[in-house]
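A.B. asks:
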Amino acid sequence: MMTFDELKAKYPRLLKGVWFEHRQGWTDLLDAFFAVVDHGLPPEGSYSVRQVKEKMGTLRLYDDIEGVSEDVEKMIDDARELAEARSYYACEWCGHPGVLRNREGYYTTTCDEHALYEGRMAVPLDPPAELHIKSKGAWKRYDADVDAFVTSEPPEWSR
Ligand SMILES: [Zn+2]
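The numbering of the sequence shown is the working numbering, which starts it at 373 and goes up by one.
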């Protein structure tokens, strides 16, 4: 697992002055995302992170991109969706495989080892959480087994 400082040192032009509002376990999936941005961003383009945080137990990243082609923007959008989806299955504390849990009303994604915090146990959601996204009118679901989005039926809550 990378530290925040290592991540910032690897992408100085993307992460100057960025404050991470989550624990360090998600740095590796952010590394994969910023690698795509760094590769796709032309010298005349600009990129800035507005906010990167934990919300409802998973990762949310809000950013601004300018001066890139539509193809690159789509590539970055896809990579961001994937990073956020992967956070449903990566412990926010250590980055090891985890699941979304409920700790006395607060959502958190942890491995078994980090489920217990300050004497309170986080219990895996039952049924397990599934991430559905509607994109260009069609629904898709993140499938952790293949680490990709697959087309899906509209989720129950959307009907
Ligand atoms: Zn952990």
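Backbone N, C-alpha and C fix where the C-beta goes; we use that ideal spot for every residue, glycine too.
Return the CA-CA distance between T399 and G467, expressed in angstroms with no decimal places.
C.D. replies: So the two alpha carbons sit approximately 8 angstroms from each other.
A.B. asks: For K339, which residues in the same chain have their Cβ closer than 6 angstroms to its Cβ, ignoring the five residues on either side in sequence?
C.D. replies: Any answer about residue 339 is impossible in this case: the structure gives the chain only from 373 up to 531.
A.B. asks: Indicate the three-state DSSP secondary structure (helix, strand or coil) for S459 in the structure shown.
C.D. replies: DSSP places S459 in helix when its eight states are reduced to three.
A.B. asks: Considering Cα atoms alone, identify which of Y460, V409, D410, G439 is closest to G397.
C.D. replies: G397 has its Cα closest to that of Y460, out of Y460, V409, D410, G439.
A.B. asks: Under 8 angstroms: does the beta carbon of E485 sit that close to some heavy atom of ligand 2?
C.D. replies: As far as ligands go, the structure on display features ligand 1 and does not contain ligand 2.
A.B. asks: According to DSSP, what are the bridge partners of S524?
C.D. replies: Paired residue(s): none; S524 is not in a bridge.
A.B. asks: Would D435 and S420 be called neighbours here (beta carbons separated by less than 9 angstroms)?
C.D. replies: Contact flag set, yes.
A.B. asks: Does DSSP put V495 in a helix, a strand or coil?
C.D. replies: Reduced to three states, the DSSP call for V495 is strand.
A.B. asks: Would you list, in sequence order, the uninterrupted alpha helix (DSSP H) runs of no fewer than 4 residues that lie entirely inside the segment 375 to 439?
C.D. replies: Taking only runs of at least 4 residues, the alpha helix (DSSP H) segments lying wholly in the segment 375 to 439 are 376 to 382, 384 to 387, 399 to 412.
A.B. asks: Run the proximity test for H468: is its beta-carbon closer than 8 angstroms to any non-hydrogen atom belonging to ligand 1?
C.D. replies: True, at least one ligand heavy atom lies under 8 angstroms from that Cβ.
A.B. asks: Tell me the DSSP secondary structure of V548 in three-state form.
C.D. replies: Absent from the model: residue 548. The displayed extent of the chain is 373 to 531, so no value can be given.
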